[in-house]
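As given, the protein sequences belong to chains E and G, one line each in that order.
Mapping of the first sequence onto our numbering: residues 1 to 79, in sequence order.
Mapping of the second sequence onto our numbering: residues 80 to 220, in sequence order.
Glycine included, each C-beta is placed from N, C-alpha and C at the ideal position.
What you are looking at is a predicted structure, and each value in this text was computed from that prediction instead of being measured.
Everything on this sheet refers to the single structure shown next.
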Amino acid sequence: MIRVLFFGPVAEQVPAREMQLPFSAGMKLQDVVAELSARHPQAFEFVSFTAVNQTQVRDLQLPLADGDEIAFMAKFSGG
Amino acid sequence: MSEPVRIQEEDFSQEAEIAELKASSKRIGGIATFVGCARDFSEGRAVSEISFEAYGSMALAEMRKLRDEAIEKFALLEARIVHRVATVTAGDNIVFIAAAAEHRAAAFDACRWMIDELKQRVPIWKKEITPLGESWVTPHP
Numbered sequence: 001m002i003r004v005l006f007f008g009p010v011a012e013q014v015p016a017r018e019m020q021l022p023f024s025a026g027m028k029l030q031d032v033v034a035e036l037s038a039r040h041p042q043a044f045e046f047v048s049f050t051a052v053n054q055t056q057v058r059d060l061q062l063p064l065a066d067g068d069e070i071a072f073m074a075k076f077s078g079g
Numbered sequence: 080m081s082e083p084v085r086i087q088e089e090d091f092s093q094e095a096e097i098a099e100l101k102a103s104s105k106r107i108g109g110i111a112t113f114v115g116c117a118r119d120f121s122e123g124r125a126v127s128e129i130s131f132e133a134y135g136s137m138a139l140a141e142m143r144k145l146r147d148e149a150i151e152k153f154a155l156l157e158a159r160i161v162h163r164v165a166t167v168t169a170g171d172n173i174v175f176i177a178a179a180a181e182h183r184a185a186a187f188d189a190c191r192w193m194i195d196e197l198k199q200r201v202p203i204w205k206k207e208i209t210p211l212g213e214s215w216v217t218p219h220p
């Protein structure tokens, strides 16, 4: 399974903080982005950063592994 | 000794943080600090509360990296970063940053650099609660 996390305004739009997606061999980050942005277009308008296993990634072709954790995040506003 | 980098719900004590910095080295000649606190007014609206949300594991890892980078970049003797994730009201503390160095210039520069980088890099979000409703904050420069 792939664990997907949403935070802040993104979570509010989904609306959920977490969901699980079935993992399939050859799966890439792009596949998850395509599926979830089609299901939750308003939430993805807020997405500015994506992290896989707590590391920010920009390459949507990144191959995923079973058990990966993906986070979709709006611009940060801490401090 | 408390951890030099923390995310916590409860308030922090600047005096306690500074005491721990001072205890870490007798070579410290200056400590620069930044305290971020909650305002009661933002974007022309009264703000009653601010609530914070964090991607805890990533935020903590990024804050630790940030501290390490600051120590390396500015040749600091020690540095501390504490961020609250809680619901706060006007005047409450939000974030504490401190840089300890042999001389003031490095301490000031590092302190400014750490809070600027934290705002850019650490996955924490704030929501302002006003009498008219709630809204997530758009980052300021």
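- At least one C-beta of chain G is nearer than 8 Å to the C-beta of E/L5.
- If one requires a minimum length of 3 residues, the beta strand (DSSP E) runs lying completely within the segment 133 to 168 of chain G are 157 to 163, in chain order.
- Under the three-state reduction of DSSP output, G/A125 falls in the strand class.
- Residue-level contact check: E/A43 does not touch chain G, since none of the beta carbons of chain G fall below 8 Å from its beta carbon.
- Look at G/Q87: its C-beta is not under 8 Å from any C-beta on chain E.
- With contacts defined as CB atoms closer than 8 Å, G/E132 and E/G8 qualify as a contacting pair.
- Excluding the 5 residues flanking it on each side, G/D119 has same chain C-beta neighbours closer than 6 Å at V126, A169, in chain order.
- Sixteen is the threshold: when 16 or more other Cβ atoms of the shown chains lie within 10 Å of the Cβ of G/P83, as they do, the residue is buried.
- Beta-carbon to beta-carbon, G/F175 and G/Q93 are separated by about 6 Å, close enough to satisfy the 8 Å threshold.
- If you look at G/I110, you'll find it in the beta strand (DSSP E) that goes 109 to 116.
- For the pair G/I194 and G/P202, the Cα-to-Cα distance works out to about 13 Å.
- Contact between the segment 156 to 166 of chain G and the segment 97 to 110 of chain G is established, with three or more Cβ pairs separated by less than 8 Å.
- Within the segment 11 to 34 of chain E, no residue has a Cβ lying closer than 7 Å to any Cβ of chain G.
- In terms of CA proximity to G/T217, G/Q199 leads the group G/P210, G/Q199, G/L211.
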